[in-house]
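Structure record follows, encoded as structure tokens.
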Amino acid sequence: MALLELQELTKAYQRGGRSFNAVNRASLSVEPGDFISIIGRSGSGKTTLLNMGAGLLRPSAGTVLFEEKDIHRLNDKEISLLRNEKIGYVPQGQSLLSNFTVFDNLCIPWFLFKREGDVEGRAFILLEKVGISHLAASYPRELSGGEMRRAAIARALINEPRILIADEPTGDLDAKTTTEIMDLFSHIAREGTAVLIVTHELDTLDYGNKTYAMDAGNLLPHTA
Ligand SMILES: Nc1ncnc2c1ncn2[C@@H]1O[C@H](COP(=O)(O)OP(=O)(O)O)[C@@H](O)[C@H]1O
Ligand SMILES: [Mg+2]
């Protein structure tokens, strides 16, 4: 059973009085343990595709099945709960809340739906896993770009999602940090959480077991 299935997804926008498809009948299937990267230049529709797949944006046409459920048929509350429980999302750029410590940033998605249990223990394990447990009490402004990205990845994993979706997670990082973050995604995928990332950089394409290219809204299997 596919974990996430995008079927012929289309998003139409208006520009200059005309309609164009930012995403045009894109189909993609994510299985548990998959590590999928999508490469495409700026403006090709990558963020729009991810946002539809994560339930953040309603498609103009097409279907998003998460564990065989059509997520755009759920109401807002049901979608929020499903996203909070099952989909870890790492947005493009800096996304940590600046007035909270790294540790508290991690815990927030846990408390949104009033969970019980040892969130603090889990947060520390995750910070260790992403290599920044020494920064638990720091604020985002005290972190480097790579450290912030690690914190955002750990936050996305706090509720043990089935899939981790990341939008250009290495876009603003140097080559060495990029390699470290990509290795971290490989590790996460091997542990069984599916990983879906979009990127405009060729050097991240060696990772993952499936690669696609996005060009002017069209998604195709990538050939080197
Ligand atoms: N809300 C919107 N309204 C109109 N056009 C949009 C909107 N969001 C994105 N677009 C356009 O859709 C295209 C794809 O955008 P996006 O998905 O952000 O691309 P990418 O993430 O690959 O850079 C771009 O031409 C962008 O300008
Ligand atoms: Mg984008």
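Here the sequence shown stands for residues 571 to 794, where the numbers follow my numbering. Every residue gets a Cβ at the ideal spot worked out from N, C-alpha and C, and that includes glycine.
DSSP state of residue i mapped onto helix, strand, coil
i           : result
residue 787 : coil
residue 700 : coil
residue 706 : coil
residue 614 : coil
residue 728 : coil
residue 632 : strand
residue 639 : strand
residue 624 : coil
residue 780 : strand
residue 599 : strand
Residue i - partner residues in DSSP beta bridges
i           : result
residue 662 : Answer is none; residue 662 lacks a bridge partner.
residue 793 : Answer is none; residue 793 lacks a bridge partner.
residue 593 : 581
residue 575 : 599 and 635
beta-carbon residue i near ligand 2 non-hydrogen atom, thresh 7 Å
i           : result
residue 664 : no
residue 771 : no
residue 737 : yes
heavy atom of ligand 1 below 7 Å from residue i C-beta
i           : result
residue 610 : yes
residue 722 : no
residue 595 : no
residue 630 : no
residue 583 : yes
Chain-order list of residues whose beta-carbon lies under 7 Å from that of residue i (same chain, five-residue window excluded)
i           : result
residue 766 : 600, 606, 733 and 735
residue 762 : 602 and 603
residue 791 : 782
Residues near residue i in its chain [Cβ-Cβ closer than 8 Å; skip 5 each side]
i           : result
residue 634 : 574, 575, 576, 577, 579, 622, 623, 625, 640, 641 and 642
residue 706 : 671, 672, 673, 693, 694 and 697
residue 683 : 651, 654 and 655
Cut-off 6 Å between Cβ atoms - residues of its own chain near residue i, not counting five sequence neighbours on either side
i           : result
residue 725 : 675 and 676
residue 716 : 743 and 747
residue 687 : none
CB contact check: residue i to chain B, cutoff 8 Å
i           : result
residue 579 : Although the question refers to chain B, the structure presented lacks it and comprises just one protein chain.
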